[in-house]
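Here numbering that gives the first Met the number 0 is used: the first residue of the sequence shown is 0, the next is one more, and so on.
By construction, the Cβ of each residue, glycine as well, lies at the ideal position given by its N, Cα and C atoms.
Computed from a prediction, not measured in an experiment: that's the story for all the values here.
Working notes, beginning with the structure itself.
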Amino acid sequence: MQPTVCQRRKDDRRSPQGRAGGPGRLISPAQRPEREGIPAAEPSPLSSPAAAPAVWPPPPLSFACGTRWDFARPCLLGIVNVTPDSFSDGGRFLDPDVAAAHALGMVLDGADALDLGAESSRPGSRGVSAREQKARLLPVLKRLRRTAALRRIPIGIDTRSAEVFRACLGEGADLLNDISALRHDRTLARLVARAGCPVILMHMRGTPRTMQNDPRYADVVGDIQAFFRARLRAALDAGVTPARVLLDPGIGFGKTVEHNCELLRRLGEFRRLGRPLVVGASRKSFLGKLGGEPTPSRRAEASVVAGLLAVRNGASVLRVHDVGEHARALRVAAALI
């Protein structure tokens, strides 16, 4: 296993993240220049990560907070749900002080960034208005940015709304995580382009309300690759720099158990697109079905197994609830393999 992960700048080694992950190699843009083009479609799928593009890990990625990831190891994106109804921990972190304490604990455990969301995307869920999302997000975001130990930690916002993300940018957000891949709100791509911030484009079949209604694919990996190429072109047309884009195949979003397993096994085939890969398998229902565990909060072990497989097959970022468990498992794996 060749661990991937991210590294903060040398002048920030005393931060909580630095203690958790330790100093590592930084790569200058001159050593590994960012690529601006979109890879063309290829005639046959890759059979293994070994057949991925020659430039890997992906080029470094910088954030407004002053942190840079060089993808020398897998980054951990800690999930903070500011929602009353998320499938795993809804209602636990609505209070800004409670959310900030939880976020700080994640960073001390090894989180490299935080993913803040105010709209549940569990199967069957309905949308949340921009006004309500802002009411939930902004107090928490302000509290996080006032916490000294979190000032250099990238904070992502999980939203499909330009209105919400614009407000969060004004309070120090660094990253957009859009489960609709910039399709839901057509003005969001232009906002991302103007802000120059990194963006995660995720694959989802339908909407959270409809995505699990009999999902079918001719070839789940090939179909999602075609989707990503189309979304990369659309982002480029809107002015988004492709080098600022990360790709998430959307584990659990309009997929069966078999689809999710196949995506994890064949994840390396997405590396031909040349962008960092984000995987969010943490506590998902397919792990509960495979392991016989109906309670999401008791799926940490299964989540770690899925995360290690994802990293082995090319994931650059793991979006997780149980940061400490993943961080420790990755350190052990890096030492053993």
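For the candidate residues the options, whose alpha-carbon lies nearest to that of residue i?
i    : options                : result
R264 : P275, R271, A309, A229 : A309
L103 : A117, R145, S128       : R145
D340 : A305, L231, A242, A280 : Past the edges of the chain, shown from 0 to 336, lies residue 340, and the structure says nothing about it.
P197 : R135, H320, C64        : C64
H101 : L329, V81, F164        : V81
G155 : L289, V239, R330, I78  : I78
A233 : A180, A71, L272, P122  : A180
R130 : R159, A225, G195       : R159
R135 : D157, A148, R125, D108 : D157
F252 : A333, R330, K283       : K283
Q132 : L329, D114, F164       : F164
P295 : L93, L107, H320        : H320
A314 : A148, R271, A188       : R271
Q211 : I336, D247, R150, P122 : P122
L113 : G171, R182, P57        : G171
R230 : G205, R182, G290       : R182
P57  : L246, L107, I250       : L246
Given a cut-off of 7 Å, decide if residue j and residue i are closer than it, judged by their beta-carbon atoms.
i    : j    : result
V219 : E268 : no
P95  : V139 : yes
T186 : A161 : yes
I199 : N176 : yes
H325 : V304 : no
A301 : L286 : yes
D111 : C74  : yes
K254 : P214 : yes
H258 : F226 : no
I178 : S128 : no
G279 : R318 : yes
F62  : D173 : yes
V239 : V277 : no
M105 : V331 : no
V256 : K288 : yes
A98  : F92  : yes
R67  : P59  : yes
L143 : L149 : yes
Provide the residue(s) that pair with residue i in DSSP beta bridges, ordered along the chain.
i    : result
V316 : C74, V277
M201 : D247
L60  : W68
G112 : What sits at residue 112 in the sequence shown is Ala, not Gly. For A112, which the question treats as bridged, DSSP gives the partners L76.
Please confirm if residue i has its CB atom under 7 Å from at least one CB of chain B.
i    : result
R327 : Looking at the structure shown, chain B is missing, and only one protein chain is on hand.
What's the call for residue i, buried or exposed, on a 16-neighbour Cβ count within 10 Å?
i    : result
R274 : buried
E118 : buried
G169 : exposed
R340 : Since the first residue of the chain shown is 0 and the last is 336, residue 340 is not available in this structure.
R293 : It should be noted that the sequence gives Pro, not Arg, for residue 293. Classification of P293: exposed, given that the 10 Å Cβ count is below 16.
D236 : exposed
K141 : exposed
I223 : buried
N312 : buried
R125 : exposed
L307 : buried
A328 : buried
G109 : buried
L76  : buried
A382 : As displayed, the chain neither begins before 0 nor continues past 336, which places residue 382 out of reach and without an answer.
L335 : exposed
R297 : exposed
G195 : exposed
G205 : exposed
G291 : exposed
TODO: Starting from the N-terminal side, write out each stretch of the beta strand (DSSP E) that is 3 residues or longer and does not extend beyond the segment 123 to 190.
DONE: List check, beta strand (DSSP E) in window: 154 to 157, 174 to 177.
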